[in-house]
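> Note that the protein sequences, when read in sequence, are chains P and Z. For reference, each letter of the first sequence is one residue, going 1 to 126 in this note's numbering. For reference, each letter of the second sequence is one residue, going 127 to 349 in this note's numbering.
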Amino acid sequence: MSAVLTGAERRKRFTNRVQLERSLLGIVNSGLIDAPALSGMTDLAISNWSAAAAKALYTEDVYRIARVLLEIGVRADLVTDSSREVFDADRNMVGPDSIGELSSMLASAVMEARGLTSAKSSDETV
Amino acid sequence: MSGLDAVYLFGSVGRGDADALSDLDILAIVKDGSGKVAEGEVVAKVPDQWRHLTPSISWYGRRRLTEMFANGDLFAWHLFLETIRVEDEGNILSSLGRPAPYREAFADVQSFCDILDGIPSALAQASRNAVYEAGMVYVCLRNIGMAASSRLAAAPDFSRYSIFRLPDFRPCPLPPSEFELTMRCRMAGRRGLDVSDRVDAAWVLSIHDRIAPWLADLMEHVK
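1. Does DSSP classify GLU213/Z as helix, strand or coil?
2. Whole angstroms is fine: what's the gap from MET1/P's alpha carbon to LEU32/P's?
3. Count the other C-beta atoms from every protein chain shown that fall within 10 angstroms of the C-beta of PRO301/Z, then say buried if there are 16 or more, exposed otherwise.
4. At the 8 Å Cβ level, is LEU25/P part of the contact set with chain Z, yes or no?
5. Which stretch, first to last residue, makes up the beta strand (DSSP E) that contains TRP185/Z?
6. Using 8 Å as the cut-off, can you tell me whether the region 250-262 of chain Z makes contact with the region 314-322 of chain Z, which would need three or more C-beta pairs spanning the two stretches below that distance?
7. 8 Å is my cut-off, CB to CB: does ARG254/Z come that close to chain P?
8. What alpha helix (DSSP H) runs, 4 residues minimum, are completely inside the region 293-317 of chain Z?
9. So if DSSP puts TYR134/Z in a beta bridge, which residue, or which two residues, is it bridged to?
10. Residues of chain Z with CB under 8 Å from VAL18/P, in chain order?
11. Counting only beta-carbon atoms, is SER47/P nearer than 8 Å to chain Z?
12. Just verifying my parser: in three-state terms, what is the DSSP assignment at ALA164/Z?
13. Are the region 293-309 of chain Z and the region 220-234 of chain Z in contact at 8 Å, needing three or more beta carbon pairs?
14. Straight-line CA distance for GLY26/P to ASP214/Z?
15. Leaving out five residues before and five after VAL263/Z in sequence, what residues of the same chain have Cβ atoms less than 6 Å from its Cβ?
16. Measure the beta-carbon distance from PRO181/Z to ALA202/Z and round it to whole angstroms, keeping in mind my assumption that it falls under 8 Å.
17. Within 10 Å of its beta-carbon, does HIS204/Z have 16 or more other beta-carbons around it, so buried, or fewer, so exposed?
18. Expressed to the nearest angstrom, what Euclidean distance is found between the alpha-carbon atoms of LEU130/Z and ASP61/P?
19. In or out: ARG177/Z buried (at least 16 other Cβ within 10 Å) or exposed?
20. When you measure from the CB of ALA327/Z to every non-hydrogen atom of the ligand ADP, does any distance come out below 7 Å?
21. Kindly indicate which residue of ASN217/Z, SER128/Z, ARG291/Z, SER276/Z has the alpha-carbon position closest to the one of GLY198/Z.
22. Could you spell out the range, first to last residue, of the alpha helix (DSSP H) harbouring MET41/P?
23. Given this structure, state the Cα-to-Cα distance separating ILE406/Z from TYR186/Z, to the nearest angstrom.
24. Does any CB atom of chain Z fall closer than 8 Å to the CB of ALA127/P?
25. Among the candidates GLY140/Z, LEU331/Z, GLY318/Z, CYS298/Z, whose CA atom is the shortest distance from the CA of ALA342/Z?
26. If you measure from the beta carbon of GLU112/P to each beta carbon in chain Z, is any gap under 8 Å?
27. For ALA109/P versus ILE65/P, is the C-beta spacing smaller than 8 Å?
28. Counting contacts by CB-CB distance shorter than 8 Å, is VAL348/Z in contact with chain P?
29. Give the residues of chain Z in contact with ALA66/P, contact being defined as C-beta atoms less than 9 Å apart.
30. Could you tell me which of THR15/P, ALA56/P, THR42/P, VAL68/P sits nearest to PRO36/P, measuring between CA atoms?
31. Just curious, the alpha helix (DSSP H) that SER253/Z is in, first and last residue?
32. Just to confirm before moving on: does the CB-CB distance between LEU191/Z and ALA281/Z stay below 8 Å?
33. Report buried or exposed for ASN217/Z, applying the criterion of at least 16 other Cβ atoms within 10 angstroms of its Cβ.
34. Less than 8 Å between the CB atoms is what I'm expecting for ALA274/Z and VAL348/Z, so what's the real figure, rounded?
This is the structure we're talking about:
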């Protein structure tokens, strides 16, 4: 039987989720300033961001980042329906270790894209 | 045999004020432990008049709903007050009766105010997260409006604009046009929609600065 979630636990989960989303979006948006900003962690937001970002970055890099983002979204359960999130519904909260691991995965993918983005710019100036 | 026990509509459709920006909020009650069923099975039960809206399904088992009603969760009150029955042969929702009193209003308001208070530092670290942070303004004001209305009004106001309708308290200082832009930012974050170029960190910070004193007073009022 599922445990009854207290109000304090519910609030803590939502706060943690916001902190995680802020961190993940910050990694992408601060790391890839040539790409349009990512504004959410749902599959639709990631999909639309990928299409726009592919105009500024190597497509394979964008797809790699998008795959990591989607993996994080699933593992951290960030892909909620819009109705329940308004009510701050209880969601599975990913543990601190997983947050660090997922963030590292994303940071690596972004760093890789930044390196190749520089190479792409160099290629284009030749 | 399907694990789907009941289907209800809630949200703006349940309230009767759906507009072009509304989702079709569907409550799917499934058998405990059975998990989700195919979304098409749920959507197929929706009457034609609402089929043009984008469905957004919330999945719950009877046991979890029973807990929420016993806890007096705000969502339980929403389901109790503002749903349209589509199919429920077992009368599950009505069998849950009236939810327990909602006693978390102040704590909920405070929690969302804390998230809003984090916006300046969040933007200082990542100014390009402006659309996300603007969307959080909407989420927090929406939830604060619902929670505060449960204390200040005769019944909780679950509408999109509840933050502007709090009785016996001065009006929210954010113009509705800017509130609506924060709502579009939230939609951008949820659905990947485009949003206006007007959205930047300075604008979001200006919203924070304008509403922070009002929210501090509201917290004292709700306490």
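The beta carbon of each residue, even a glycine, is placed where N, CA and C say it ideally should be. The model shown is predicted, which means the values in this text are computed figures rather than measured ones.
Straight from the coordinates:
1. strand
2. Legend: pLDDT at MET1/P = 41, less than 50; position of this residue unreliable, value from coordinates given subsequently. If I take the Cα positions, the gap works out to 44 Å.
3. exposed
4. yes
5. 180-187
6. yes
7. yes
8. 302-317
9. LEU153/Z, ARG211/Z
10. ILE241, GLY244, MET262
11. yes
12. coil
13. no
14. 44 Å
15. THR308, ILE333
16. Not quite, the Cβ-Cβ distance comes to about 22 Å (not below 8 Å), so this is no contact.
17. buried
18. 41 Å
19. exposed
20. This structure lacks the ligand ADP, and indeed carries no ligand of any kind.
21. SER276/Z
22. Taken as a continuous stretch (DSSP letters only), MET41/P belongs to no alpha helix (DSSP H), as it is neither H nor E.
23. Nothing about residue 406/Z can be read from this structure; chain Z reaches only from 127 to 349.
24. Not covered by the structure: residue 127/P. The range shown for chain P is 1 to 126.
25. CYS298/Z
26. no
27. yes
28. no
29. Residues of chain Z passing the Cβ test: none, with the nearest at roughly 12 Å.
30. ALA56/P
31. Per DSSP, SER253/Z belongs to no alpha helix (DSSP H) and is neither H nor E.
32. no
33. exposed
34. 5 Å
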